[in-house]
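Enquirer: Supplied in structure tokens, the structure appears directly below.
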Amino acid sequence: MVRMTHNDERFDAWLHDTSADYNAPPPNAQIPREEMWQRIAVARSSLPAPRSRFLASRIWLAAAAGVVLAVGIGIGRLSDGGPQVDSGVTSAPDSPQAYDVATTRHLTSAEAFVTAVRLSANTQGDSVIRRWARDLLTDTRLLLDSPAGNDVPRRTLLEDLELLLVQMVELEGARDDSNRPLLDKTHQDQLLTRLRANVPAGAPPARS
Amino acid sequence: MEERELLTRAQAGDPAAERALYDTHVDRVYRLTYRLAGDAELAREFTQDTFVRAFERLATFRGDSALSTWLHAIAVSVALNGLRKVRRLRREVQLEHAESLGGDRPRSDPVLRQRLYEAIDKLPTGYRTVFLMHDLEGFTHEEIGAALGIEAGTSKAQLFRARARLRERLADLAGAWSA
Chain A
12 MVRMTHNDER FDAWLHDTSA DYNAPPPNAQ IPREEMWQRI AVARSSLPAP RSRFLASRIW
72 LAAAAGVVLA VGIGIGRLSD GGPQVDSGVT SAPDSPQAYD VATTRHLTSA EAFVTAVRLS
132 ANTQGDSVIR RWARDLLTDT RLLLDSPAGN DVPRRTLLED LELLLVQMVE LEGARDDSNR
192 PLLDKTHQDQ LLTRLRANVP AGAPPARS
Chain B
102 MEERELLTRA QAGDPAAERA LYDTHVDRVY RLTYRLAGDA ELAREFTQDT FVRAFERLAT
162 FRGDSALSTW LHAIAVSVAL NGLRKVRRLR REVQLEHAES LGGDRPRSDP VLRQRLYEAI
222 DKLPTGYRTV FLMHDLEGFT HEEIGAALGI EAGTSKAQLF RARARLRERL ADLAGAWSA
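So, in structure tokens, the structure goes:
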């Protein structure tokens, strides 16, 4: 049994007083409840069906979707132009339908992203938005280089999305607002409308 | 409305009930993640992730513990995992030393206070978590035990050891508290 000395008790009292300000949160009145709630709603809308128990945040969803998309397109490219070897394994999305599915999923995720950008008061300071933009940019470029980019209206949409994402990524670390006019709400509105028009109703794995 | 009723409605997908549960618990979750992270942006991300995960898994919540306990367990898990990633990233880019994440701290802290903060930063994760939850956020040992998946007695022992470790590390400043 360890016995507390008088000195230990004094230390504990001092510790209690002095440590109170360690990583002190702001007063409850300043907690950004509304902002967090809006982002939670956006994140949940970008998650797949509830039965998926492993994709708990939008970051992980974006990362996983990116990997699937990259592998799918990579295999699709190989099967498109590379030597045809019968491995006995059912392969790859080399059909136009596979690219349609990949594109629809990507545009659904992009729609959630643009919505998040519109809700975010400070996109430059939001690391989640920036990471998300980087992931989406990679996937957008993969799609543009794939047969999915052969469809002219879809290609135009992907290129416009790429432009927005490039600006988002380039703004990372930028101290001034010189590029800000290119990201205005009107551009975002137009892009959002077009994204929604290109996502068939009921197709995306989103929750409301 | 009783929390149990709100919970049932939220489990059935009622957005208003989800919002009511969020409003009830968000402050304490945010404060806890803020204490662990010491950074407003990280605290916000961890709080958001906590609720995203909680709502996704709400159907599996059987009410064996209080909802708050369940939420705090998710929050601690999200925050500690997130902090590990941040520390790894910071080591990789060779920013400041890995243990300290206190980005929002005032820079004008007196030496004594700063020494204490650094000593808290360097506590083992388990000790530090229990210390922050108990001494700074007022959780009971029972609540801490439930959130961390340990016995209340273990929580008490870890708090005792945390304080002893701090006392040891600040021994050269003994005059400050024995005066």
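As they're listed, the protein sequences go chains A and B.
Residue numbering for the first sequence follows the numbering used here, starting at 12 and increasing by one per position.
Residue numbering for the second sequence follows the numbering used here, starting at 102 and increasing by one per position.
All C-beta atoms, glycine included, are put in the ideal place defined by N, C-alpha and C.
1) Would DSSP call residue 223 of chain B helix, strand or coil?
2) Go to residue 152 of chain B, then tell me how far its alpha helix (DSSP H) extends in each direction, as first and last residue.
3) Report the option in B:230, B:160, B:106 and B:220 whose CA atom is closest to the CA atom of residue 180 of chain B.
4) For a test of the three-state rule: what should DSSP assign to residue 35 of chain A, helix, strand or coil?
5) Does DSSP put residue 232 of chain B in a helix, in a strand, or in coil?
6) Taking a contact to mean a Cβ-Cβ separation below 7 Å, would you say residue 136 of chain B touches residue 237 of chain B in this structure?
7) What residue range is occupied by the uninterrupted alpha helix (DSSP H) comprising residue 139 of chain A?
8) Note down, in chain order, every chain B residue with its Cβ under 7 Å from the Cβ of residue 145 of chain A.
9) Under 7 Å Cβ-Cβ, which residues of chain A neighbour residue 128 of chain B?
10) DSSP state of residue 187 of chain A, grouped into three classes?
11) Taking a cut of 8 Å between CB atoms, which residues from the region 147–170 of chain B lie near chain A?
12) Can you find a C-beta in chain A that's less than 7 Å from the C-beta of residue 245 of chain B?
13) Hey, which unbroken runs of the alpha helix (DSSP H) at 4 residues or more fall wholly within the region 103–142 of chain B?
14) Could you please tell me which residues of the region 156–182 of chain A, in chain order, have their CB closer than 9 Å to any CB of chain B?
15) Do residue 172 of chain B and residue 155 of chain B have their C-beta atoms closer together than 7 Å?
16) Identify, in the order they occur along the chain, each residue of the same chain with its Cβ nearer than 7 Å to the Cβ of residue 148 of chain A, setting aside the five sequence neighbours on each side.
17) Checking contacts by CB at 7 Å: is residue 283 of chain B closer than that to chain A?
18) Mind checking if residue 216 of chain B is an interface residue toward chain A, Cβ cutoff 7 Å exclusive?
19) Can you check which of these residues, A:161, A:169 and A:108, is closest to residue 122 of chain A by C-alpha distance?
20) CA-CA distance, residue 259 of chain B and residue 232 of chain B?
21) Using a beta-carbon distance below 7 Å, is residue 227 of chain B in contact with chain A?
22) With DSSP as the reference, label residue 165 of chain B as helix, strand or coil.
23) Taking just the CA atoms, how far does residue 169 of chain B sit from residue 254 of chain B?
24) Of all Cβ atoms in chain A, is any one closer than 7 Å to the Cβ of residue 132 of chain B?
25) For residue 111 of chain A, name the three-state secondary structure that DSSP assigns.
26) Does the distance from the CB of residue 151 of chain B to the CB of residue 131 of chain B come in under 7 Å?
27) Check for me: the alpha helix (DSSP H) holding residue 247 of chain B runs from which residue to which?
28) Smallest Cα separation from residue 184 of chain B: which of B:226, B:215 and B:213?
29) Under 7 Å between the Cβ atoms of residue 33 of chain A and residue 228 of chain B?
30) What are the boundary residues of the alpha helix (DSSP H) that includes residue 256 of chain B?
31) Just to confirm before moving on: does the CB-CB distance between residue 125 of chain A and residue 202 of chain A stay below 7 Å?
32) Nearest CA to the CA of residue 143 of chain B: which residue from B:114, B:188 and B:115?
33) What is the DSSP secondary structure of residue 239 of chain B, reduced to helix, strand or coil?
34) Is there a C-beta anywhere in chain A that falls below 7 Å from the one on residue 139 of chain B?
Expert: Inspection of the coordinates gives the following:
1) The residue you call residue 223 of chain B lines up with position 122 of the second sequence. Reduced to three states, the DSSP call for residue 223 of chain B is coil.
2) For the purposes of this step, residue 152 of chain B is identified with residue 51 of the second sequence, where counting begins at 1. Segment 141–158, the alpha helix (DSSP H) holding residue 152 of chain B.
3) As a first step, residue 180 of chain B must be located in the second sequence, where it is residue number 79. Of the listed residues, the one whose Cα sits closest to residue 180 of chain B is B:230.
4) By one-based count along the first sequence, residue 35 of chain A stands at place 24. The three-state secondary structure of residue 35 of chain A, taken from DSSP, is coil.
5) One-based indexing of the second sequence puts residue 232 of chain B at position 131. Three-state result, residue 232 of chain B: helix.
6) Residue mapping note: residue 136 of chain B aligns to position 35 of the second sequence, counting from 1. Residue mapping note: residue 237 of chain B aligns to position 136 of the second sequence, counting from 1. Judged by their CB atoms, residue 136 of chain B and residue 237 of chain B are nearer to each other than the 7 Å cut-off.
7) Translated into positions along the first sequence, residue 139 of chain A becomes position 128. Residues 138–155.
8) As a position in the first sequence, residue 145 of chain A is number 134, starting the count at 1. In chain order: nothing, as chain B lies at least about 14 Å away.
9) One-based indexing of the second sequence puts residue 128 of chain B at position 27. Simply 39 and 42.
10) On the first sequence, position 176 is the one that residue 187 of chain A refers to. Note that residue 187 of chain A scores 44 on pLDDT, short of 50, meaning its location in the model is unreliable; the coordinates nonetheless yield the value given after this. Residue state, collapsed to three classes: coil.
11) Those residues of the region 147–170 of chain B that come within reach of chain A (Cβ to Cβ, closer than 8 Å) are 148, 149, 150, 152, 153, 154, 156, 157, 158 and 160.
12) As a position in the second sequence, residue 245 of chain B is number 144, starting the count at 1. Using a Cβ-Cβ cut-off of 7 Å, residue 245 of chain B does not count as an interface residue toward chain A, since no Cβ of chain A sits closer than that to its own.
13) The region 103–142 of chain B contains these whole alpha helix (DSSP H) runs: 104–112 and 116–138.
14) If the cut-off is 9 Å between Cβ atoms, the region 156–182 of chain A has nothing near chain B.
15) Within the second sequence, residue 172 of chain B is the residue found at index 71, counting from 1. Within the second sequence, residue 155 of chain B is the residue found at index 54, counting from 1. For residue 172 of chain B and residue 155 of chain B, yes; Cβs fall inside 7 Å.
16) As a working note, residue 148 of chain A is residue 137 in the first sequence. Apart from the 5 residues on each side of it in sequence, residue 148 of chain A sits with its Cβ closer than 7 Å to the Cβ of 173, 176, 177 and 180 in its chain, given in chain order.
17) Given that chain B is displayed from residue 102 to residue 280, the structure contains no residue 283 of chain B and the question cannot be resolved.
18) Taking the first residue of the second sequence as position 1, residue 216 of chain B is located at position 115. Residue 216 of chain B does not count as touching chain A.
19) Translated into positions along the first sequence, residue 122 of chain A becomes position 111. Minimum Cα distance to residue 122 of chain A is reached at A:169.
20) Position 158 of the second sequence, counted from the first residue, corresponds to residue 259 of chain B. Position 131 of the second sequence, counted from the first residue, corresponds to residue 232 of chain B. Looking at the two C-alpha atoms, the distance is approximately 8 Å.
21) Here the question's residue 227 of chain B lines up with position 126 in the second sequence. False, the Cβ-Cβ gap to chain A never drops below 7 Å.
22) On the second sequence, residue 165 of chain B is found 64 positions in, with the first residue counted as 1. Coil, per DSSP.
23) Translated into positions along the second sequence, residue 254 of chain B becomes position 153. Translated into positions along the second sequence, residue 169 of chain B becomes position 68. Taking the straight line from one Cα to the other gives about 20 Å.
24) Position 31 of the second sequence, counting from 1, holds the residue named residue 132 of chain B. Yes, contact with chain A.
25) Locating residue 111 of chain A in the first sequence gives position 100, counting from the first residue. Residue state, collapsed to three classes: helix.
26) For the purposes of this step, residue 151 of chain B is taken as residue 50 along the second sequence, with counting starting at 1. For the purposes of this step, residue 131 of chain B is taken as residue 30 along the second sequence, with counting starting at 1. Cβ atoms of residue 151 of chain B and residue 131 of chain B: not closer than 7 Å.
27) By 1-based counting over the second sequence, the position of residue 247 of chain B is 146. Residue 247 of chain B: member of the alpha helix (DSSP H) spanning 242–249, first to last residue.
28) In the second sequence, residue 184 of chain B corresponds to position 83, counting from 1. Comparing Cα positions, the closest option is B:226.
29) Position 22 of the first sequence, counted from the start, is the residue given in the question as residue 33 of chain A. Position 127 of the second sequence, counted from the start, is the residue given in the question as residue 228 of chain B. Result no, Cβ atoms of residue 33 of chain A and residue 228 of chain B do not sit closer than 7 Å.
30) As a first step, residue 256 of chain B is located in the second sequence; it is residue number 155 there, counting from the start. For residue 256 of chain B, the enclosing alpha helix (DSSP H) begins and ends at 253–270.
31) As a working note, residue 125 of chain A is residue 114 in the first sequence. As a working note, residue 202 of chain A is residue 191 in the first sequence. In this structure, residue 125 of chain A sits near residue 202 of chain A, with a CB-CB distance shorter than 7 Å.
32) The residue labelled residue 143 of chain B in the question sits at position 42 within the second sequence. Distances from the CA of residue 143 of chain B to each of B:114, B:188 and B:115 were compared; the closest alpha carbon is that of B:188.
33) The sequence position of residue 239 of chain B within the second sequence is 138, counting from 1. Here DSSP, grouped into helix, strand and coil, assigns residue 239 of chain B to coil.
34) Numbered from 1 along the second sequence, position 38 holds the residue referred to as residue 139 of chain B. It does; some Cβ of chain A falls within 7 Å.
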